[in-house]
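Chains as they are written, first to last, in my numbering: chain A, 1 to 365; chain B, 366 to 730.
The block underneath contains the structure these notes are about, expressed in structure tokens.
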């Protein structure tokens, strides 16, 4: 019975996808006499927590059992502590899927509830709850964004012809899944060459009210207002990551003043992980890496990816000059190659997605 | 009801896989008062036809309905005409999935049955029957073998590292499917370099009594008795396809005399299709192309393939010097690449097979 109600709480939590980052996805269910009294979830960043929503929706939470997918908070953040409200509401029992991953507060909420005489059970559908919030768990611990790599490739592993023609390799169903990823992650990152070749808008088509932040890795500041990502920056979500050498250039100033572009700069001594720390400090908990070849290769080389999906279409270029989705390694033995782990195969008609994770299982995208 | 019994006949036919080439797979069912009296199939090359087997297995075929997946023969071949036996057995009705593809005899069997007063229905599960015998249909019309290409590749389209390490890219389930293909097709063809690098035996592990013919495309006669395919040629099924320039070489004579190797030679003016005609003239109705890169590329370039399966493993080499499964094309626009058609996706745990056909649907492998 605990699993049944927790499953419902997990599904409630998923309703917050695209709206709560960098907060966790949290769902809650209030149950009395094995009947659901109310359901609720954390709806948007900075808004009331799931526990608050579910208690407010119930007429009389007294003596109820509360199912919640993450340990209730016990501290003042953007909202008052949930533990206070739970105790005040005279809830009898609290079933928690998983503890707060932040070592500074983990277990404190549970302790407060127990001290108030509330029975607490921890660990119901814990694995599922951890997979649900993989992004949050990584970000809260490491303060760098969760990195998810997406590539749409031919059967021979290419993302474009030798002349950079790439539209379209994958089919509509596969590309539509990419839109869902754009809604799920806080930001998208591409290399400057992808902007120059494809001039993408990098908007999210499945949820037009929620565009991700757009990051261009552009060391030499080669992009310009000729491209949509700069020219159409009304929402001011475009960031350029460039060498600090460009700070004094006229283009740098122009892009800030006229196009509201924001910059993240790095020195010769800083590496990709340093850049990710800077992005993390901006409240960005997750990034979808959309290419091109050089950017994807860097994330693999630095071993800075957490997961990804490589979508394969039944097309072949058969050209050694075409652009590979990944390059720069030299394994001599077949076992020295990169072996992707925790694979889930996704079918998009005759296209196939290889979803992979360094740890754990699927994100709820 | 016709579909039901014909489905059973089609499944009977499949029991002949690996034993009947270059004859067709044929199954038959005898039915009386909607009950199955007997089932039968063409069991081995040169043996009795399905119609003969099913009639011989029934005690009293009189007034029965005969379901047969291919038009009964009306001519003397290795066995007497089936039409004679059907008529003699006083069968009342004959349901045929598809006509004989040989234009010289197609429809003749039907005509003989009708003239004897037997009711004939043609076209029940015709598409399925044609897919079942795609190999036979092509071979009987064009006299060149049906060509099926197999490759086991990494996610970035490679069949080996730059030092030719390739064992193993795909998993056991995928490799086991290859064994089934080796049982299904009459022959296997590989390039000389595959012999030199991998020293494969090219035997069929799922059916040890039935090894396919082994063809090595070796223009310059570089293979030798150092390799298993030559040294272990007890069944005398190894063929080397080489330039006629090598006929007078000592190695040519040695391989014939000491290792019972057979040769197919070609001149400067002959192309891959000419070679396939020579193979076809040896009663070889179908060939599984197992690589390497050069051989697979040639079959794609000459457009001489009928179908294939590309098996993809979630491994990445990320090395532009690694060996691609296909090379030699230069498409500039993404739409100028090769688009595989009639795709069936096969799952082998976390490996994925892209099965494809120029025409029609899946072979019954």
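Beta carbons: idealized from backbone N, C-alpha and C, even for Gly.
Distance CB(residue i)-CB(residue j) smaller than 8 Å
| i | j | result |
| --- | --- | --- |
| residue 153 of chain A | residue 310 of chain A | yes |
| residue 174 of chain A | residue 348 of chain A | yes |
| residue 89 of chain A | residue 81 of chain A | no |
| residue 545 of chain B | residue 338 of chain A | no |
| residue 478 of chain B | residue 434 of chain B | no |
| residue 220 of chain A | residue 259 of chain A | no |
| residue 444 of chain B | residue 466 of chain B | no |
| residue 18 of chain A | residue 210 of chain A | yes |
| residue 264 of chain A | residue 275 of chain A | yes |
| residue 129 of chain A | residue 151 of chain A | no |
| residue 5 of chain A | residue 29 of chain A | yes |
| residue 105 of chain A | residue 3 of chain A | no |
| residue 578 of chain B | residue 602 of chain B | yes |
| residue 678 of chain B | residue 527 of chain B | no |
Listed by chain order, chain A residues near residue i by CB distance under 9 Å
| i | result |
| --- | --- |
| residue 541 of chain B | In chain order: nothing, as chain A lies at least about 18 Å away. |
| residue 437 of chain B | Correct list: empty, because the minimum Cβ distance to chain A is about 38 Å. |
| residue 514 of chain B | Result: empty, since nearest Cβ-Cβ is about 11 Å, beyond 9 Å. |
Residue environment, residue i, which counts as buried when at least 16 other CB atoms sit within 10 Å
| i | result |
| --- | --- |
| residue 718 of chain B | buried |
| residue 42 of chain A | buried |
| residue 618 of chain B | exposed |
| residue 103 of chain A | exposed |
| residue 250 of chain A | exposed |
| residue 621 of chain B | exposed |
| residue 587 of chain B | exposed |
| residue 398 of chain B | exposed |
| residue 289 of chain A | buried |
| residue 531 of chain B | buried |
| residue 706 of chain B | exposed |
| residue 375 of chain B | buried |
| residue 12 of chain A | buried |
| residue 442 of chain B | exposed |
| residue 556 of chain B | buried |
| residue 351 of chain A | buried |
Nearest-angstrom beta carbon gap, residue j and residue i [assumed within contact, 8 Å]
| i | j | result |
| --- | --- | --- |
| residue 26 of chain A | residue 50 of chain A | 4 Å |
| residue 420 of chain B | residue 464 of chain B | Incorrect: roughly 21 Å between the Cβ atoms, too far for contact. |
| residue 387 of chain B | residue 551 of chain B | 7 Å |
| residue 522 of chain B | residue 332 of chain A | At roughly 18 Å, the Cβ-Cβ gap does not stay under 8 Å, so residue 522 of chain B and residue 332 of chain A are not in contact. |
| residue 607 of chain B | residue 583 of chain B | 5 Å |
| residue 484 of chain B | residue 458 of chain B | 5 Å |
| residue 684 of chain B | residue 510 of chain B | At roughly 34 Å, the Cβ-Cβ gap does not stay under 8 Å, so residue 684 of chain B and residue 510 of chain B are not in contact. |
| residue 345 of chain A | residue 356 of chain A | Not confirmed; about 10 Å, so no contact. |
| residue 580 of chain B | residue 652 of chain B | 7 Å |
| residue 273 of chain A | residue 239 of chain A | In fact, because the Cβ distance is near 17 Å, the residues do not count as touching under 8 Å. |
| residue 136 of chain A | residue 308 of chain A | With 8 Å as the limit, residue 136 of chain A and residue 308 of chain A do not qualify as a contact, their Cβ atoms being about 18 Å apart. |
| residue 40 of chain A | residue 53 of chain A | 3 Å |
| residue 244 of chain A | residue 267 of chain A | 5 Å |
| residue 122 of chain A | residue 110 of chain A | 7 Å |
Chain-ordered neighbours of residue i on chain A, where CB pairs are closer than 7 Å
| i | result |
| --- | --- |
| residue 696 of chain B | 161, 317 and 319 |
| residue 671 of chain B | The premise fails here: residue 671 of chain B is roughly 16 Å from chain A at the closest Cβ pair, so nothing lies under 7 Å. |
| residue 689 of chain B | 156 and 320 |
| residue 692 of chain B | 318 and 320 |
Contacts that residue i makes with chain B (C-beta to C-beta distance below 8 Å)
| i | result |
| --- | --- |
| residue 167 of chain A | 699 |
| residue 170 of chain A | Here the premise fails: no neighbours, minimum Cβ distance about 11 Å. |
| residue 352 of chain A | 677, 710, 717 and 719 |
| residue 300 of chain A | 681 and 683 |
Short CB-CB distance (under 8 Å) between residue i and chain C
| i | result |
| --- | --- |
| residue 363 of chain A | No chain C is part of this structure, whose protein chains are labelled A and B. |
Interface partners of residue i on chain B, CB under 9 Å
| i | result |
| --- | --- |
| residue 339 of chain A | 678, 679, 680 and 681 |
| residue 297 of chain A | 683 |
Beta-carbon neighbours of residue i, restricted to chain B and to distances below 7 Å
| i | result |
| --- | --- |
| residue 52 of chain A | Here the premise fails: no neighbours, minimum Cβ distance about 42 Å. |
Residue i: CB within 7 Å of a non-hydrogen atom of the ligand SAM
| i | result |
| --- | --- |
| residue 77 of chain A | The ligand SAM is not among the ligands present in this structure, which contains no ligands whatsoever. |
Check whether the stretch 566–574 of chain B and the stretch 525–538 of chain B touch, using three or more Cβ-Cβ pairs below 8 Å as the test. no
Is the stretch 692–699 of chain B close to the stretch 653–668 of chain B, with three or more CB pairs under 8 Å? yes
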